[in-house]
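For reference, the structure discussed in these notes is given below.
In the working numbering, the protein residues as written are 68 to 186.
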């Protein structure tokens, strides 16, 4: 279903602005990033397909299993979703890299316990 056919309060952008990002599902957040679908496939459907995408490498057939698993997607993995051209793939890969860097920074900044007594 095209986003324009949804009630205004159910559209991802309006929902985010009214209730905050935490009120959106993973599919809705990803749809905001993708912005548009293609003929015959709405952006919400594209986002759902992306989250369900299976990795192309032979050593891992588990798929991405949602947002956390999507962090391991390559630009080649994303090519398999019809409607994800170079610009959208680059944007998604950039956001995923920013997410990985933010997680890595948080891990570096955590307190390290040097001795058992520190626990």
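Beta carbons: idealized from backbone N, C-alpha and C, even for Gly.
Quantities reported herein were computed from a predicted structural model and do not represent experimental measurements.
Nearest CA to the CA of residue i: which residue from the options?
i, options, result
"residue 134", "151, 149 and 160", "160"
"residue 83", "72, 95 and 73", "95"
"residue 158", "90, 142 and 167", "142"
"residue 93", "179, 68 and 131", "131"
"residue 176", "182, 168 and 183", "168"
Quick test of your reading: residue i and residue j, contact by CB under 8 Å. State the CB separation rounded to the nearest angstrom.
i, j, result
"residue 97", "residue 155", "About 11 Å; that fails the 8 Å criterion."
"residue 74", "residue 99", "The Cβ separation is near 17 Å, so there is no contact."
"residue 163", "residue 140", "6 Å"
Do residue j and residue i have their beta-carbon atoms positioned less than 8 Å apart in this structure?
i, j, result
"residue 246", "residue 104", "What the structure shows of the chain is the stretch from 68 to 186, and residue 246 is not part of that stretch, so it cannot be assessed."
"residue 88", "residue 76", "no"
"residue 165", "residue 137", "no"
"residue 148", "residue 174", "no"
"residue 109", "residue 70", "yes"
Quick check: does the Cβ of residue i come within less than 7 Å of any heavy atom belonging to the ligand GTP?
i, result
"residue 161", "The model depicted lacks the ligand GTP and carries no ligand whatsoever."
Problem set entry | Whole alpha helix (DSSP H) elements within the stretch 83-146, 4-residue minimum | 93-101, 110-119, 134-137 and 142-145
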